[in-house]
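A.B. asks: The listed protein sequences derive, respectively, from chains A and B.
Residue numbers for the first sequence follow the working numbering, beginning at 1 and rising by one.
Residue numbers for the second sequence follow the working numbering, beginning at 1 and rising by one.
Right, I'll just put the structure down here and ask away after.
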Amino acid sequence: MESPNLPLAPAAFYILFALAGGEKHGYAIMREARAASDNCLDIGPATLYTNIQRLLDSGWIEEAESPEGSDNRRRYYGLTRDGNSTLEAELKRMESIVKRSKALRLASARSAS
Amino acid sequence: MRTRIYSLFLALYPAWLRNTYGAEMIQVFGEDLEDSYRTRGLPGAAAVWYRSLKELIRIALPARAAKREIAVALITYGFTESYFLGIVVLEGGKHIPRAAELDGASVLVFGVFPAVIAYVALRIGNRSMPVPLDLRRR
């Protein structure tokens, strides 16, 4: 059964996706999210932190300890277990859509020939 | 200087965002601007400013508009109630209306109803600037 939290909004999805690779600070999350979306995601500081707050409230991400020697003005964030499950569920949902679309294309190709 | 201008933008964002993440937002904006200028030159820097302006319109302004809607609804309520009271006073001769004359239905018709209409009208008018309040896609 599909989770009531899915599908995720693009910004929330890419932030979770960026954090799947490990704990990061705000700017690193933003860069990673843009790169993962092939720069399709138009994310700036306000979108980033509005979503970070909502993800914190949902319990999908949490504040992490800053690595030693890092700039102490930066806050680091990491995925929680719930956040990881939500991301996995969203990826599975996307995967099933891709599978279905491939099957549809095959079916339409067969009916055309 | 550039981050100072951005910190002026921050004043327009909701207080919770500004208070909790203001310093980080300025830092992230500064880093983004620096990186974009280094890698793409002026067009890169212009893109960062353009994105910030778009965020201002998409996030900061609707948050302000929501407050304005409530204010307009309250003013409408106050105005229509005063108007109703004025009519009651004029029609009832030279006496000040007793509490019994201001029954629930009148308060509803002459205050709450116009206020709700004013609020809804403004909400509909502001739909062109949706706020990404939800994590879920709409």
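Note that CB positions come from ideal geometry on N, CA and C, so glycine has one too.
Everything numeric in this text was worked out from a predicted model, so none of it was measured.
Can you find a CB in chain A that lies within less than 9 Å of the CB of B/A100?
C.D. replies: To locate residue 100 of chain B, count along the second sequence from 1; it is residue 100. Residue confidence for B/A100 is low, a pLDDT of 47 falling below 50, so the modelled location carries little weight; the figure read from the coordinates is stated next. With 9 Å as the cut-off, B/A100 does not count as an interface residue toward chain A.
A.B. asks: Quick one: grab the DSSP three-state call for A/I43.
C.D. replies: Locating residue 43 of chain A in the first sequence gives position 43, counting from the first residue. Coil at A/I43, not helix or strand.
A.B. asks: In whole angstroms, what is the alpha-carbon distance linking B/F79 and B/P114?
C.D. replies: Position 79 of the second sequence, counting from 1, holds the residue named residue 79 of chain B. Position 114 of the second sequence, counting from 1, holds the residue named residue 114 of chain B. Distance between the alpha carbons of B/F79 and B/P114: 10 Å.
A.B. asks: To which residues does DSSP link A/E23 through a beta bridge?
C.D. replies: In the first sequence, the residue the question calls residue 23 of chain A occupies position 23. DSSP lists no partner for A/E23.
A.B. asks: Are there 16 or more other CB atoms within 10 angstroms of the CB of A/P65, so buried, or fewer, so exposed?
C.D. replies: Numbered from its first residue, the first sequence carries residue 65 of chain A at position 65. Inspection of the sequence shows that residue 65 of chain A is occupied by Glu rather than by Pro. Flag for A/E65 reads exposed.
A.B. asks: When the distance is taken between beta carbons, is A/E32 closer than 9 Å to A/F17?
C.D. replies: By 1-based counting over the first sequence, the position of residue 17 of chain A is 17. By 1-based counting over the first sequence, the position of residue 32 of chain A is 32. Contact: yes.
A.B. asks: Check A/Y76 in the structure and name its three-state DSSP category.
C.D. replies: For the purposes of this step, residue 76 of chain A is identified with residue 76 of the first sequence, where counting begins at 1. Residue state, collapsed to three classes: strand.
A.B. asks: Taking the alpha helix (DSSP H) that A/S107 falls in, what are its first and last residues?
C.D. replies: Sequence index remark: in the first sequence, residue 107 of chain A carries index 107 (1-based). The sequence shown places Ala at residue 107 of chain A, rather than the Ser named in the question. Unbroken alpha helix (DSSP H) run through A/A107: R81 to A112.
A.B. asks: Starting from A/E63, follow the beta strand (DSSP E) in both directions and report where the run begins and ends.
C.D. replies: In the first sequence, counting from the first residue as 1, residue 63 of chain A sits at position 63. Counting along the chain, the beta strand (DSSP E) containing A/E63 begins and ends at I61 to A64.
A.B. asks: Kindly give me the distance between the Cβ atoms of A/A46 and B/Y13, rounded to whole angstroms, as I take these residues to be in contact under 8 Å.
C.D. replies: To locate residue 46 of chain A, count along the first sequence from 1; it is residue 46. To locate residue 13 of chain B, count along the second sequence from 1; it is residue 13. Rounded, the Cβ-Cβ distance is 6 Å, consistent with contact.
A.B. asks: I'd like the span of the alpha helix (DSSP H) that includes A/S70, first residue to last.
C.D. replies: Position 70 of the first sequence, counted from the first residue, corresponds to residue 70 of chain A. Note, A/S70: premise wrong, no alpha helix (DSSP H); not H, not E.
A.B. asks: Would B/Y119 pass as a contact of B/V72 if the rule is Cβ separation under 9 Å?
C.D. replies: Within the second sequence, residue 119 of chain B is the residue found at index 119, counting from 1. Within the second sequence, residue 72 of chain B is the residue found at index 72, counting from 1. Yes, these two residues count as a Cβ contact at 9 Å.
A.B. asks: DSSP three-state label for A/L8, please.
C.D. replies: What you label residue 8 of chain A is simply residue 8 of the first sequence in a count that begins at 1. A/L8 falls in the strand class under three-state DSSP.
A.B. asks: Using a Cβ-Cβ distance under 9 Å, would A/I52 count as near chain B?
C.D. replies: Within the first sequence, residue 52 of chain A is the residue found at index 52, counting from 1. Chain B, which has a Cβ nearer than 9 Å to the Cβ of A/I52, makes this yes.
A.B. asks: Let me make sure I understand the geometry here. Which of A/C40, A/R100, A/G21 and A/G44 has the alpha-carbon closest to that of B/E31?
C.D. replies: Against the second sequence, residue 31 of chain B aligns to sequence position 31. When only C-alpha atoms are compared, the closest one is A/G44.
A.B. asks: On the premise that A/E90 lies in contact with A/P10, defined as a C-beta separation below 8 Å, what is that separation, rounded to the nearest angstrom?
C.D. replies: For the purposes of this step, residue 10 of chain A is identified with residue 10 of the first sequence, where counting begins at 1. For the purposes of this step, residue 90 of chain A is identified with residue 90 of the first sequence, where counting begins at 1. About 11 Å separates the two Cβ atoms, so there is no contact after all.
A.B. asks: Which of the three DSSP states is assigned to B/P43 in this structure?
C.D. replies: Within the second sequence, numbered from 1, the residue matching residue 43 of chain B stands at position 43. B/P43: helix per DSSP, three-state reduction.
A.B. asks: Mind listing the chain B neighbours of A/R73? Cutoff is C-beta to C-beta under 7 Å, in chain order.
C.D. replies: By 1-based counting over the first sequence, the position of residue 73 of chain A is 73. What A/R73 touches in chain B: A23 and Q27.
A.B. asks: Hey, is A/R105's beta-carbon within less than 9 Å of any beta-carbon in chain B?
C.D. replies: Locating residue 105 of chain A in the first sequence gives position 105, where the first residue counts as 1. Not one chain B Cβ lies under 9 Å of A/R105.
A.B. asks: State the Cα-Cα distance for the pair A/T80 and A/A103, rounded to the nearest angstrom.
C.D. replies: Working through the first sequence from its first residue, we reach residue 80 of chain A at position 80. Working through the first sequence from its first residue, we reach residue 103 of chain A at position 103. For A/T80 and A/A103, the distance between alpha carbons rounds to 35 Å.
A.B. asks: Name, going along the chain, the residues of the region 27-38 of chain A whose beta-carbon falls closer than 7 Å to a beta-carbon of chain E.
C.D. replies: Checking the listed chains, one finds no chain E in this structure; the protein chains it contains are A and B.
A.B. asks: State whether the region 71-87 of chain A contacts the region 22-31 of chain A, with contact taken as three or more CB pairs (one from each stretch) at a distance under 8 Å.
C.D. replies: Output reads yes: the region 22-31 of chain A touches the region 71-87 of chain A.
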